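Colleague: First the structure, then my questions, so here it is.
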Amino acid sequence: MDPYDVVIVGGSAAGLTAATTARKHYPKKSICLLRREEQVPIPCGIPYVFGTVGAPEKNLMPAQQVLAQNGIDGFIDEVLEVNREARQLVTAGKRQLQYEKLVWAVGSDPVVPPFQGLELDGIYAIQKNVPHLERILEALSSAKSLGVVGCGFIGVEIAEECRRKRPELRISIVEMQHHCLQLVYDEEICRDAEQKLLDQGIELLRDERVKAFEGEGRVSKIKLEGGEEVDVDMVLLGIGAKANTDLAQKAGLEIGPTGGIQVNRYMQTSDPNIFACGDCAEKVSFFDGQPCSLKLASLATMEARIAGANLFGTQRVNLGAIGVYSTVLGDSAFAVAGLTVSEAEKKGYNVVVGEAEAMNRHPGCMPGGANLKVKLVFEQGSRVILGGQVAGAKSGGEVINTISACIHQRMTADDIATFQTGTHPALTASPVSYQLVNAAETAIGKMMQC
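Under our numbering, the sequence shown is numbered contiguously, ending at residue 533.
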């Protein structure tokens, strides 16, 4: 029996961050991390192994190096059983580990609906697994026609990367929503993103559902519920992810309404000695405390920093998931933080929108100059910011993080309008046309007319 003060299960973004956070806050505690795979992919980098990065081996988390630098023991092993009463774990490698505190960070698995014909060769879900990704890349090298099911972030990024790697490949995306990325952005941003895909010759089949996959041994056709058929010889499923909770349920931990391990604001599960973070943990919204099913690596690491700090005494509180997303399609960034207009209205807010658009350099002929649009969503009565979206220049990837900070601090439109910014011709928009500030001013003008 190997005794540890802290045992962490899971070696991806949440597990690794929980381990290093625990080491910083509890330098004298013994810490061990268990992970199933020796090679752990960087989650958000997975679509880019299909093009820009080129290989799964180039998209790996430096897990062993980080553990060694922080004096944390690491084992490649799989937990088979949790004895909560005895605080013991049993692994596939015959290890028996004693823990004082346990952190569960085992992530999520891809959603794979029970489509007819799913057993055919050539159909792949996107898994966080290097050998599996290598098999997909090998199949992709000889494919002539690719079907991507799902037009969320995974779907659009993989489609674009496959186009980058194989310019001659026919690529079709099947999406049940009316717009690509509709669950994340407002409609006009979705249309801009779709145009970037269309400009690259990627076919978009929206308002369509998969009825079945057909073929003789290998997939050759996607049959849609609307009656259309799409000829393919390879299919990638990018539909979403579900929390990995099998062992947690077996151990008797409470499961939340969206299917994640139920946790409190301190990331404790129904067992006060077990914490959970990342995709496997239940989430609540920052805005109304209601359950939400967001799964993001940035959110996972935030939760891990809370869990790791709270193991032996409460130091941090999770205020809820804001939801901050970003992607790049073509040469443009598309990013969102917090609530879109439609989401805010569904939650009952009376919203006011402010928008501003300008070059991200001044003058615009400076190197790196590109147009950047900022859209901010405020509550009418309180003037508190609820959300924001950016589209255009790649510098928007950091602007959205500033917007997230404004949301987190519940800043008002007036706070943002008088926000003290640092500007430089080679780095930012002009202080006169700074999009974040001007979008807030535009919203204030609308509020004063109401």
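Even glycine gets a Cβ: it sits at the ideal position worked out from N, Cα and C. Nothing here was measured: the structure is a model prediction, and the numbers come from that model.
In terms of residues, what are the limits of the beta strand (DSSP E) holding residue 115?
Modeller: Residue 115 -> beta strand (DSSP E) spans 114-118.
Colleague: Give the range of the beta strand (DSSP E) segment to which residue 228 is assigned.
Modeller: Taken as a continuous stretch (DSSP letters only), the beta strand (DSSP E) holding residue 228 covers 228-232.
Colleague: Out of 165, 316, 134 and 155, state which residue places its alpha-carbon closest to the alpha-carbon of residue 114.
Modeller: Selected option, being the one with the closest Cα: 155.
Colleague: Buried or exposed, going by whether 16 or more other CB atoms sit within 10 Å of the CB of residue 419?
Modeller: Looking at its Cβ environment, which holds 16 or more other Cβ atoms inside 10 Å, residue 419 is buried.
Colleague: Quick one: grab the DSSP three-state call for residue 294.
Modeller: If DSSP states are grouped into helix, strand and coil, residue 294 belongs with the strands.
Colleague: Counting Cβ pairs, one atom from each stretch, are 3 or more of them under 8 Å apart for the region 317-324 and the region 191-207?
Modeller: These segments touch.
Colleague: Taking residue 388 as part of the alpha helix (DSSP H), name the residues at either end of that continuous run.
Modeller: Per DSSP, residue 388 belongs to the alpha helix (DSSP H) from 380-392.
Colleague: Nearest to residue 185 by CA position, among 233, 531 and 391, is which residue?
Modeller: When only C-alpha atoms are compared, the closest one is 391.
Colleague: Whose C-alpha, out of 272, 157, 268 and 128, is nearest the C-alpha of residue 212?
Modeller: Residue 128 is the option with its Cα nearest to residue 212.
Colleague: Suppose you measure from the CA of residue 485 to the CA of residue 327; what does that come to, to the nearest Å?
Modeller: Rounded to the nearest angstrom, the two C-alpha atoms are 32 Å apart.
Colleague: For residue 417, which of 273, 301, 517 and 163 has the nearest alpha-carbon?
Modeller: Nearest C-alpha to residue 417: 273.
Colleague: Going by Cα to Cα distance, which pick from 236, 433 and 93 is closest to residue 263?
Modeller: When only C-alpha atoms are compared, the closest one is 236.
Colleague: Three or more C-beta pairs closer than 8 Å, one from the region 337-357 and one from the region 370-384: is that the case here?
Modeller: Counting Cβ pairs under 8 Å, three or more are found: they touch.
Colleague: Does the separation of the CB atoms of residue 523 and residue 488 fall below 9 Å?
Modeller: No.
Colleague: Leaving out five residues before and five after residue 334 in sequence, what residues of the same chain have Cβ atoms less than 7 Å from its Cβ?
Modeller: Within the same chain, residue 334 has close Cβ partners 165 and 167.
Colleague: Do residue 136 and residue 229 have their C-beta atoms within less than 9 Å of each other?
Modeller: No, the pair does not count as a contact, with Cβ atoms beyond the cut-off.
Colleague: What residue from 490, 459, 442 and 474 has the CA that sits closest to residue 506's CA?
Modeller: The option with the nearest alpha carbon to residue 506 is 442.
Colleague: Residue 510: which of 497, 466 and 445 sits nearest, CA to CA?
Modeller: With distances taken between Cα atoms, residue 510 lies closest to 445.
Colleague: Name, in chain order, the residues that DSSP records as bridge partners for residue 85.
Modeller: Per DSSP, 180.
Colleague: Closest to residue 453 by C-alpha separation, out of 464, 460, 459 and 440, would be which residue?
Modeller: Checked all of 464, 460, 459 and 440; the closest Cα to residue 453 is 440.
Colleague: Check whether chain B comes within 9 Å of residue 287, counting only Cβ atoms and requiring the distance to be less than that.
Modeller: Reference to chain B is not applicable here, since this structure consists of a single protein chain.
Colleague: What is the residue span of the beta strand (DSSP E) that residue 307 lies within?
Modeller: Run containing residue 307: 304-307, per the beta strand (DSSP E) assignment.
Colleague: Are the Cβ atoms of residue 305 and residue 257 separated by less than 9 Å?
Modeller: In contact: residue 305 and residue 257 (Cβ atoms closer than 9 Å).
Colleague: Tell me which residue opens and which closes the alpha helix (DSSP H) that residue 145 is part of.
Modeller: No alpha helix (DSSP H) contains residue 145, which DSSP labels as neither H nor E.
Colleague: In the DSSP assignment, what residue or residues form a beta bridge with residue 440?
Modeller: Paired residue(s): 456.
Colleague: For the beta strand (DSSP E) containing residue 163, list its first residue and its last residue.
Modeller: Taken as a continuous stretch (DSSP letters only), the beta strand (DSSP E) holding residue 163 covers 162-166.
Colleague: Curious, which full-length alpha helix (DSSP H) runs of at least 4 residues does the region 191-254 contain?
Modeller: Those alpha helix (DSSP H) runs which fall completely within the region 191-254 and span 4+ residues are 213-223 and 236-248.
Colleague: Residues in its own chain within less than 6 Å of residue 125 by CB, not counting five upstream and five downstream?
Modeller: 142 and 144.
Colleague: Hey, out of 294, 249, 438 and 280, whose CA is closest to residue 132's CA?
Modeller: Nearest option by C-alpha distance: 249.
Colleague: Report the three-state DSSP secondary structure of residue 365 (helix, strand or coil).
Modeller: Three-state result, residue 365: coil.
Colleague: Under the three-state reduction of DSSP, which class applies to residue 273: helix, strand or coil?
Modeller: DSSP places residue 273 in helix when its eight states are reduced to three.
Colleague: How far does the alpha helix (DSSP H) with residue 353 in it extend, from its first residue to its last?
Modeller: Counting along the chain, residue 353 falls outside any alpha helix (DSSP H), and DSSP gives it neither H nor E.
Colleague: Relative to the C-alpha of residue 88, which residue among 109, 95, 530 and 203 is closest?
Modeller: Taking only the C-alpha atoms, the option nearest residue 88 is 109.
Colleague: Measuring only the C-alpha atoms, how far is residue 476 from residue 412?
Modeller: So the alpha carbons of these two residues sit roughly 11 Å apart.
Colleague: Beta-carbon within less than 6 Å of residue 119's beta-carbon, same chain only, minus the 5 sequence neighbours each way: which residues are those?
Modeller: Correct list, in chain order: 161.
Colleague: Which residues in the same chain as residue 408 place their Cβ atom closer than 6 Å to its Cβ, once the five residues preceding and following it in sequence are excluded?
Modeller: Closer than 6 Å at the Cβ level, and outside the excluded window around residue 408, lie 267 and 419.
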